[in-house]
Amino acid sequence: MDDFRVDPAAHTPPSVQIVEHLLDALSTGRFAAGDKLPSVRSLAVDVLVNPNTVAKAYAELERQGVVAGRNGSGVYVTAEGPDHARSLRRASTLQDFVRTTAAALRAGHDAEALRLALVESSNQASRSTDTHCETPQGANHR
Amino acid sequence: MTDRTVLHAVDLGRRFGKHVALRGVDLELAPGRVTALLGANGAGKSTLLRLAVGLLQPQTGSLRVLGLDSCRDAETLRQRIGYVPDRPDAPGALTVDELCRFAAAHYRRWDATRVDELIDRLEVPRRQRFRTLSKGQAMGAMLVLALGHDPELLLLDEPFGGLDPLVREEVLRCVLDAWRGDERTILCATHELELAARIADDVAILAEGALCAHASVEDLLGTDAPGDLPRGLHAALVRATRTSPSHAETPHLETVPC
Numbered sequence: 017m018d019d020f021r022v023d024p025a026a027h028t029p030p031s032v033q034i035v036e037h038l039l040d041a042l043s044t045g046r047f048a049a050g051d052k053l054p055s056v057r058s059l060a061v062d063v064l065v066n067p068n069t070v071a072k073a074y075a076e077l078e079r080q081g082v083v084a085g086r087n088g089s090g091v092y093v094t095a096e097g098p099d100h101a102r103s104l105r106r107a108s109t110l111q112d113f114v115r116t117t118a119a120a121l122r123a124g125h126d127a128e129a130l131r132l133a134l135v136e137s138s139n140q141a142s143r144s145t146d147t148h149c150e151t152p153q154g155a156n157h158r
Numbered sequence: 408m409t410d411r412t413v414l415h416a417v418d419l420g421r422r423f424g425k426h427v428a429l430r431g432v433d434l435e436l437a438p439g440r441v442t443a444l445l446g447a448n449g450a451g452k453s454t455l456l457r458l459a460v461g462l463l464q465p466q467t468g469s470l471r472v473l474g475l476d477s478c479r480d481a482e483t484l485r486q487r488i489g490y491v492p493d494r495p496d497a498p499g500a501l502t503v504d505e506l507c508r509f510a511a512a513h514y515r516r517w518d519a520t521r522v523d524e525l526i527d528r529l530e531v532p533r534r535q536r537f538r539t540l541s542k543g544q545a546m547g548a549m550l551v552l553a554l555g556h557d558p559e560l561l562l563l564d565e566p567f568g569g570l571d572p573l574v575r576e577e578v579l580r581c582v583l584d585a586w587r588g589d590e591r592t593i594l595c596a597t598h599e600l601e602l603a604a605r606i607a608d609d610v611a612i613l614a615e616g617a618l619c620a621h622a623s624v625e626d627l628l629g630t631d632a633p634g635d636l637p638r639g640l641h642a643a644l645v646r647a648t649r650t651s652p653s654h655a656e657t658p659h660l661e662t663v664p665c
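For the protein sequence lines, the chains are A and B, in the order given. Per the numbering used here, residue 17 is the first one in the first sequence, and the count goes up by one each step. Per the numbering used here, residue 408 is the first one in the second sequence, and the count goes up by one each step.
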């Protein structure tokens, strides 16, 4: 899939790492509604973890309504899966952001400096999106 | 024990001369589970695997494998068990291709297509004599020979020992790829806790020949502290060793998480 691997020494349990990774892949469009997820065994071999752990992650995604198993043929992204993944990712990353901001304030940053850092990353993000979008359009115009 | 229990040891014991290698081991493996067998050097891991594959006879207790007697039915069981010993023991003068042809003639369920896939994946040179293979290639060849007949029980004795990081990762991938749900049970002795944390559903810990713990990783480490599995396994090993028959020292480990 990509270079993602489970880190058994991380604080987050392996199955949760896989859930977060797949929610991220869904919310950024690497998997679209109706797409089939890799088989449990092949994802396990890719991310270097026990297949039962991958199966546990798939069951959790299914519980969240992001994917659904079709009898025997595999696990597929549901119609509402990508939107749902985006809102789940938004909620959890906002929590992370608030936590990190609190830590930065405690460390002595003032709110204005953090605001500027946020504006700067936001500009960077939109610049990189623009370049992605402009290139093909520019090519068409010429 | 259910009739599907893959391995069932009751009061299993074995000594070599005065040395007690295994004592009073009660162990049940359920189908489809991947169990990491942990323990210090000399804790009895290899002895347990060799008993399971019928290379050794129990001196006390009983051992049933796939519902059969590990010794009396050893011939039948050989068709259904894959075993990788701690030291590669294939005849050195034969090439990998010759070893596979030899194995194909002995195993009713030998799957030549699957074997070819595995050989390619593990980059085992087919036409080289076994004794000239590198350590990683020899381990690859042993894995191919252990998996070629589609075994229901796979016994691995330190499959990652002494391999360079890249080969180790290929062997790890091969072990993960060997998973077949309930159709195959895997018991893997290893010192490497990071790899144990990756492959294992369950962990069994031996200390001085006694089974000190056998539980799922979650149950062993507790769900309230799920982070850092290798470190948790290390702590469990140290605990197990302290409660072992004669309070052995901290086990010697190749990977001690800091």
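Backbone N, C-alpha and C fix where the C-beta goes; we use that ideal spot for every residue, glycine too.
*Where does residue 567 of chain B land, buried or exposed, given buried means 16+ other C-beta within 10 angstroms?*
Within the second sequence, the letter at position 160 stands for residue 567 of chain B. Classification of residue 567 of chain B: buried, given that the 10 Å Cβ count is 16 or more.
_Element boundaries [alpha helix (DSSP H), containing residue 576 of chain B]_ = Along the second sequence, one-based indexing puts residue 576 of chain B at 169. Residues 572–584.
_To the nearest angstrom, how far is the alpha carbon of residue 130 of chain A from that of residue 105 of chain A?_
The count along the first sequence starts at 1 and reaches residue 130 of chain A at position 114. The count along the first sequence starts at 1 and reaches residue 105 of chain A at position 89. Looking at the two C-alpha atoms, the distance is approximately 22 Å.
*Do residue 108 of chain A and residue 69 of chain A come within 8 Å of each other at the CB atom, strictly closer than that value?*
Numbered from 1 along the first sequence, position 53 holds the residue referred to as residue 69 of chain A. Numbered from 1 along the first sequence, position 92 holds the residue referred to as residue 108 of chain A. No, Cβ-Cβ distance for residue 69 of chain A and residue 108 of chain A is not below 8 Å.
*Which whole runs of the beta strand (DSSP E) in the region 447–515 of chain B are 3 residues long or more, in chain order?*
467–472 and 488–491
_Length-filtered (3 minimum) beta strand (DSSP E) runs lying within the region 20–99 of chain A_ = 83–86 and 90–93
*Hey, how far is the Cα of residue 24 of chain A from the Cα of residue 603 of chain B?*
Against the first sequence, residue 24 of chain A aligns to sequence position 8. Against the second sequence, residue 603 of chain B aligns to sequence position 196. Their Cα atoms are separated by approximately 10 Å.
*Three-state secondary structure (DSSP) at residue 530 of chain B?*
What you label residue 530 of chain B is simply residue 123 of the second sequence in a count that begins at 1. Looking at residue 530 of chain B - three-state DSSP - the assignment turns out to be coil, as it is neither helix nor strand.
*Taking buried to mean at least 16 other C-beta atoms within 10 Å of its own C-beta, is residue 456 of chain B buried or exposed?*
Position 49 of the second sequence, counted from the first residue, corresponds to residue 456 of chain B. Under this definition residue 456 of chain B is a buried residue.
*In chain B, what lies closer than 8 Å to residue 64 of chain A by C-beta?*
As a first step, residue 64 of chain A is located in the first sequence; it is residue number 48 there, counting from the start. Neighbours of residue 64 of chain A on chain B, chain order: 576, 579, 580, 583 and 605.
_I'd like the span of the beta strand (DSSP E) that includes residue 426 of chain B, first residue to last._
As a working note, residue 426 of chain B is residue 19 in the second sequence. Here the beta strand (DSSP E) through residue 426 of chain B covers 426–436.
*Which one of B:517, B:504 and B:521 has the shortest CA to CA distance from residue 534 of chain B?*
On the second sequence, position 127 is the one that residue 534 of chain B refers to. Nearest C-alpha to residue 534 of chain B: B:504.
_Per DSSP, cross-strand counterpart(s) of residue 623 of chain B_ = Within the second sequence, the letter at position 216 stands for residue 623 of chain B. Paired residues: B:609.
*Name the chain B residues whose beta carbon is nearer than 9 Å to that of residue 25 of chain A?*
In the first sequence, residue 25 of chain A corresponds to position 9, counting from 1. The answer, in chain order, is 601, 604, 634, 635, 636, 637, 638 and 664.
*Hey, residue 640 of chain B and residue 458 of chain B: beta-carbon distance below 8 Å or not?*
As a first step, residue 640 of chain B is located in the second sequence; it is residue number 233 there, counting from the start. As a first step, residue 458 of chain B is located in the second sequence; it is residue number 51 there, counting from the start. Not in contact: residue 640 of chain B and residue 458 of chain B (Cβ atoms no closer than 8 Å).
*Can you list, in chain order, the residues of its chain whose CB lies under 7 Å from that of residue 390 of chain B, leaving out five sequence neighbours each side?*
Residue 390 of chain B falls outside the range modelled here, since chain B spans only 408 to 665, and no answer is possible.
*Starting from residue 522 of chain B, follow its DSSP beta bridges and name the residues at the other end.*
Within the second sequence, the letter at position 115 stands for residue 522 of chain B. Its beta-bridge partners do not exist; DSSP assigns none.
*Status (buried if at least 16 other CB within 10 Å, exposed otherwise) for residue 515 of chain B*: As a first step, residue 515 of chain B is located in the second sequence; it is residue number 108 there, counting from the start. By the 10 Å Cβ count, residue 515 of chain B comes out exposed.
*Looking only at its own chain, which residues have a Cβ that is under 7 Å from the Cβ of residue 22 of chain A, when we skip the five neighbours before and after it?*
Taking the first residue of the first sequence as 1, we reach residue 22 of chain A at position 6. If we look at residue 22 of chain A and ignore the five residues flanking it on each side, its Cβ neighbours are 30, 33, 34, 63, 64 and 65.
*Contact residues within the region 48–61 of chain A, judged by C-beta distance below 9 Å to chain B*: 56, 57, 58, 60 and 61
*Under a three-way DSSP split, which group does residue 540 of chain B fall into?*
Here residue 540 of chain B corresponds to residue number 133 of the second sequence, with the count starting at 1. Three-state DSSP puts residue 540 of chain B in coil, outside helix and strand.
_Inter-residue Cα distance where the pair is residue 519 of chain B and residue 452 of chain B_ = Translated into positions along the second sequence, residue 519 of chain B becomes position 112. Translated into positions along the second sequence, residue 452 of chain B becomes position 45. Between residue 519 of chain B and residue 452 of chain B, the C-alpha separation is close to 31 Å.
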